[in-house]
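Note sheet for the following structure.
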Amino acid sequence: MKIQIILAGVGGQGILFSSRLFSDLGLKLGLEVTGAETHGMSQRGGSVVAHIKIGGYQSPIIRGGTADILYSLDENEAYKNLHFVKQGGHCFVNMVDGDRFNKNILDHLKKKNISVHAFDASGMAMEMGSVRAANICLIGYSVGTGSVPFTYEDLKDVLKSISRKSDLEQNLQIFDTSVARGKQ
Amino acid sequence: MSDKEYRRVLLGNVAIARGILEAGCHVITSYPGTPSSEIMPAAVAFKKEMGLDVYTEWSVNEKVAYDNALAASIAGKRSAVAMKQVGLNVAADSLMSSAYQGVVGGMLIVSCDDPGPHSSQTEQDSRFFAMFAKVPVYDPSSPQEAMAMIKDAYDLSEAFQIPVILRPTIRLSHGKQSVKLSTPEEIERPAHFEKDPGRWAATPRFRLQLHTKLNESLRQIQERFENDKRWNYEVGKNTGINLGIITCSTSFTVLMDLLDELDLKDKVNILKIGTPYPLPLARAVDFIDRHEKVLIIEETDVVIESQIIDKSKVLGRFSGHIPLQGELTPNVIHGILAKFFRENGVADLDTSADDELAKLVQELELPVRRPTLCAGCPERAAFWAIRRALPKAIYTSDIGCYTLGLNLGAVDTVIDMGAGITLASGFYQAYHQDKNDIPIVATMGDSTFFHSGTSSLINAVYNNARFILVILDNEITAMTGMQPTPGIGVTADGTEGRKIPLEDLITGCGIRWLRTIDPYNVKELIGLLKEAHAYVKSEEGGIAVIIARHPCLIKYQEELQIDRIKVEITEDCNGCRYCIDYFECPALSFDEANNRAEIDRKLCVDCGVCINVCAQGAIVEVDREND
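Line order of the protein sequences matches chains A and B. Residues in the first sequence are numbered consecutively from 3, following this note's numbering. Residues in the second sequence are numbered consecutively from 22, following this note's numbering.
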């Protein structure tokens, strides 16, 4: 497997945790991992973007138009980072109402065979009692849709190993539920 | 598991810390600054995890950090000092001199560059500092390579008794990679200072001898690098190929990924350089001789390129093929390659961007998330009070979170660490010479004041300057990730240090007018600033200092027991936007549809400061009983 992932959002949405989830997944699969993170400004309300490259890349950053997957925990940050996604790639966007995704942009992406999966990850995280777990919801949902090349078991194992003890049970429950939602 | 080797995905700076410890380093010092700040905390974490006896120190500035590490190396131990690239400017005096005098135990200087720049005043290339000071520099291309280079750097440093620089760029420092870890070397080095005045207290006559010796060492080091195949090597020895690229640092990895992606690996030969100074010049010249055209891709400046004398076949910054400023991102290098291959008839790369998508996204007019002070930040309250009290003053400021006082119109200058005070005294003298004493308010954070504020303040007092200095004391180094300061007296590994109260220090600098206040009390602070201004102007006056002290909300979120003042916006709001534009709290936004300000409850920390801001009195405390 050779895959490039962009994780986008704003400070405090758990981008660095998600970045760790995918980099440890690569490690678990015995693959080389590189990536890049934004540090410093994230606590000052700025945009946060993480790059993850799994399976034999050398450089830390993803070139525009070559990412396989974009996960965005914020609608606006999704638009800003769409240029990273390659033809035929997938975007998973956390937004309350998927129908609100800009129609012109959606049509344009369709021409490039890029799929947009909008999902109210924050709403679900709130329902499950952990506002901060929207990142896990969005990733779980993507696994459920079957359009990403990670298995449920592998991701769950990594989630287990990196979750704080106090969050572990809830994180796994949230992950399972969001995977199920993605399957629907 | 005595010789356990295992893999982990580490942040570049964490890998560098690990590499330093694995090389058996005894003493590590640092002053925080992006992109170097994570090295010290990682070293502390590893030292605790593995129970290592390593001395770790957050020093008050980079020069002090340098000298402390240097002393350990002179006493025979292995030392490391970490800083950002502009930190090396502060430590330059020490670097230049110690290059001549050398070291005994290995000494590694980690100077993290910031092409972009993402979080720095300049894009300066630390490798030039290596040339300037005449010390060797390693230029790693990945976290894993940095770890391996560190071990070699210590061996080199000890073999030639010379300090050695490691120069990671921000993409390495804040990049991640799966790396192989091993057990730290245990090196016994009891501190032993061998007196040798001709070396350690060298007068100019001895300095000439030391310089001669340094030049000889550099010659031998260059020879060693000419024969080295670990850091300097060729990739793809394609025969019959006329094009070559010389490259280094993360640009090398970007190039390799690009050639892979574009399937152009067999169209070009590559010479990867890991030791740009002293450059293995014969190898580089030989490589150029074997090709018709050679492109040099290096960040951030022309360190390799300028060492190549005959540039007739060389393309790079001098020939206009590489931008003179900015980061060499994958997109930029793609553009450089496209031109290089097109000009030489090798390939025609598709450089078209998705302009339509860019246009569609631009049409959305998405709000730009510029960095701002946090909701409830005490520095915002202080800046707002300063602007209210002395709206016509010149506001000199400094480096830290509070640089963002720019957004509130309360910061006019940001030059370098300490210049908040020196520019205030300089402005005073320049205006005073014309008999025109204008109000000047300097702002500086607590950590910056400890870094380089005292010498500036002593100078200002001594030379009769007059201005107001507001020290924004949030009891932490906030912008770079919450490093402790002498003001709270906690050291790098969490052990207790001797606390140095700012008040004592300021009084010791000769200040006769000093007040301390919590800036949340905005009205009182405005009053105090006016009092300070009166003192500055009075016959017997001088410099007035106000310590605006309130702990950083991010750092002390859990411990802080603030008096919560929940606010709401009443119907008196007339949509003037004053609070949005001049107070700029992230918890305040504007409801365009209803033409009024509103409060984001998720972000608001109930500090109640904004009550003071609204001229209409439309921001009020929610009736506590009805809440």
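Don't be surprised by glycine CBs; every beta carbon is placed ideally from N, CA and C.
Would you grab the beta carbon distance between threonine 501 of chain B and threonine 55 of chain B for me? Rounded to a whole angstrom, and I think it's under 8 Å. If you number the second sequence from 1, residue 501 of chain B lands on position 480. If you number the second sequence from 1, residue 55 of chain B lands on position 34. Contact flag correct, Cβ pair sits at about 6 Å.
Closer than 8 Å by C-beta to alanine 654 of chain B: which residues in its own chain qualify, once you throw out the five before and the five after it? Chain order, please. In the structure as shown, chain B starts at 22 and stops at 648, and residue 654 of chain B therefore has no counterpart that could be examined.
Just the C-alpha distance for glutamate 524 of chain B and serine 476 of chain B, rounded to the nearest angstrom, thanks. The residue given as residue 524 of chain B occupies position 503 in the second sequence. The residue given as residue 476 of chain B occupies position 455 in the second sequence. Their backbone Cα atoms lie some 16 Å apart in a straight line.
Checking contacts by CB at 7 Å: is glycine 196 of chain B closer than that to chain A? Along the second sequence, one-based indexing puts residue 196 of chain B at 175. By this cut-off, glycine 196 of chain B is an interface position.
Report whether the distance from the Cβ of isoleucine 266 of chain B to the nearest heavy atom of the ligand MG is below 6 Å. The model on display carries no ligand, and the ligand MG is accordingly not part of it.
Counting only runs that start and end within the region 15-61 of chain A, where is the alpha helix (DSSP H) found for 4 or more residues in a row? 17-30
Quick check: the Cα distance between serine 272 of chain B and aspartate 287 of chain B, rounded to an integer number of angstroms? Within the second sequence, residue 272 of chain B is the residue found at index 251, counting from 1. Within the second sequence, residue 287 of chain B is the residue found at index 266, counting from 1. Going by the C-alpha atoms only, they are around 19 Å apart.
Exposure of arginine 519 of chain B, with buried meaning 16 or more beta-carbon neighbours within 10 Å: Here the question's residue 519 of chain B lines up with position 498 in the second sequence. With fewer than 16 Cβ atoms within 10 Å of its Cβ, arginine 519 of chain B is classed as exposed.
Based on DSSP bridge pairs, tell me the residues matched to aspartate 494 of chain B. Within the second sequence, the letter at position 473 stands for residue 494 of chain B. B/Arg570.
Can you check which of these residues, B/Cys573, B/Thr321, B/Val643 and B/Pro540, is closest to proline 189 of chain B by C-alpha distance? Residue numbering aside, residue 189 of chain B sits at position 168 when the second sequence is read from its first letter. That would be B/Thr321, whose Cα lies nearest to the Cα of proline 189 of chain B.
Histidine 355 of chain B touches chain A at which residues, Cβ-Cβ below 7 Å? Taking the first residue of the second sequence as position 1, residue 355 of chain B is located at position 334. Correct list: Arg65.
Starting from tyrosine 81 of chain A and walking both ways along the alpha helix (DSSP H), at which residues does that stretch end? Taking the first residue of the first sequence as position 1, residue 81 of chain A is located at position 79. That run of the alpha helix (DSSP H) goes 77-83.
When you check each C-beta in the region 72-98 of chain A against every C-beta of chain B, which residues fall closer than 7 Å? Asn78, Tyr81, Lys82, Leu84 and His85
Quick one: residues in its chain with C-beta nearer than 8 Å to the C-beta of phenylalanine 103 of chain A, no 5 flanking neighbours on either side, listed in chain order? Residue mapping note: residue 103 of chain A aligns to position 101 of the first sequence, counting from 1. Glu77, Val95, Met97, Val118 and Ala120.
With a cut-off of 7 Å, does the C-beta of asparagine 352 of chain B fall near any C-beta of chain A? On the second sequence, position 331 is the one that residue 352 of chain B refers to. Answer yes: the Cβ-Cβ gap between asparagine 352 of chain B and chain A drops below 7 Å somewhere.
Status (buried if at least 16 other CB within 10 Å, exposed otherwise) for serine 168 of chain A: Taking the first sequence and counting its residues from 1, one reaches residue 168 of chain A at position 166. By the neighbour-count rule (16 or more Cβ atoms within 10 Å), serine 168 of chain A is not buried but exposed.
Since alanine 374 of chain B meets chain A, which of its residues come closer than 9 Å, beta carbon to beta carbon? Here residue 374 of chain B corresponds to residue number 353 of the second sequence, with the count starting at 1. Per Cβ cutoff of 9 Å: Gly66, Gly67 and His85.
In whole angstroms, what separates the C-alpha of valine 643 of chain B from that of glycine 629 of chain B? Counted from its first residue, the second sequence places residue 643 of chain B at position 622. Counted from its first residue, the second sequence places residue 629 of chain B at position 608. Cα to Cα, the separation comes out at about 10 Å.
Can you list the residues of chain B that valine 35 of chain A reaches, using a CB-CB cut of under 8 Å? Here residue 35 of chain A refers to the residue found at position 33 of the first sequence. Correct list: Val30, Lys197, Gln198 and Ser199.
Would you call the region 18-31 of chain A in contact with the region 146-158 of chain A, where contact means no fewer than 3 C-beta pairs closer than 8 Å? Between the region 18-31 of chain A and the region 146-158 of chain A, the count of C-beta pairs closer than 8 Å reaches three or more; the two stretches touch.
C-beta neighbour in chain B for glutamate 39 of chain A, strict 7 Å: Here residue 39 of chain A refers to the residue found at position 37 of the first sequence. So yes, glutamate 39 of chain A belongs to the interface.
Assess contact between the region 176-188 of chain B and the region 211-219 of chain B, defined as three or more Cβ pairs (one per stretch) separated by less than 8 Å. Is contact present? no
Using a C-beta cutoff of 7 Å, does methionine 22 of chain B count as contacting chain A? Here residue 22 of chain B refers to the residue found at position 1 of the second sequence. Confidence at methionine 22 of chain B is low in this model, with a pLDDT of 36, below 50, so the placement of that residue should be treated as unreliable; the coordinate-derived value is given next. With 7 Å as the cut-off, methionine 22 of chain B does not count as an interface residue toward chain A.
With respect to the alpha helix (DSSP H) encompassing aspartate 114 of chain B, which residues constitute its N-terminal and C-terminal limits? For the purposes of this step, residue 114 of chain B is identified with residue 93 of the second sequence, where counting begins at 1. Segment 113-122, the alpha helix (DSSP H) holding aspartate 114 of chain B.
Contact with chain B by serine 187 of chain A, beta-carbon distance below 7 Å: Given a span of 3 to 186 for chain A in the structure shown, any question on residue 187 of chain A remains unanswerable.
So who's on the other strand from glutamate 589 of chain B, going by DSSP bridges? If you number the second sequence from 1, residue 589 of chain B lands on position 568. BP columns for glutamate 589 of chain B point to B/Val641.
Under three-state DSSP, which class holds cysteine 422 of chain B? Locating residue 422 of chain B in the second sequence gives position 401, where the first residue counts as 1. Here cysteine 422 of chain B sits in helix by DSSP.
Would you please verify whether the beta carbon of valine 131 of chain B is less than 7 Å from any beta carbon of chain A? By one-based count along the second sequence, residue 131 of chain B stands at place 110. Not one chain A Cβ lies under 7 Å of valine 131 of chain B.
Name the chain A residues whose beta carbon is nearer than 7 Å to that of leucine 387 of chain B? In the second sequence, residue 387 of chain B corresponds to position 366, counting from 1. Under the 7 Å cutoff, chain A gives Asn78, Tyr81 and Lys82.
Using a Cβ cut-off of 7 Å, pull out every chain B residue sitting near tyrosine 59 of chain A, in sequence order please. As a position in the first sequence, residue 59 of chain A is number 57, starting the count at 1. Per Cβ cutoff of 7 Å: Asp278.
Mapping the DSSP letters down to three states, classify lysine 155 of chain B as helix, strand or coil. As a position in the second sequence, residue 155 of chain B is number 134, starting the count at 1. Lysine 155 of chain B: coil per DSSP, three-state reduction.
Judging by CA-CA distance, which residue of B/Val200, B/Ile459 and B/His312 is the nearest neighbour of arginine 29 of chain B? As a position in the second sequence, residue 29 of chain B is number 8, starting the count at 1. The shortest C-alpha separation from arginine 29 of chain B is found at B/Val200.
Note down, in chain order, all residues in the region 115-140 of chain A with a beta-carbon under 8 Å from any beta-carbon belonging to chain B. none
Should serine 180 of chain A and histidine 92 of chain A be called a contact, given that it needs their Cβ atoms to be closer than 7 Å? As a working note, residue 180 of chain A is residue 178 in the first sequence. As a working note, residue 92 of chain A is residue 90 in the first sequence. Contact: no.
Residues bridged to histidine 119 of chain A [DSSP beta-bridge criterion]: As a first step, residue 119 of chain A is located in the first sequence; it is residue number 117 there, counting from the start. Paired residues: A/Phe94.
Using a beta-carbon distance below 7 Å, is isoleucine 107 of chain A in contact with chain B? Along the first sequence, read from residue 1 onward, the residue named residue 107 of chain A stands at position 105. Isoleucine 107 of chain A counts as touching chain B.
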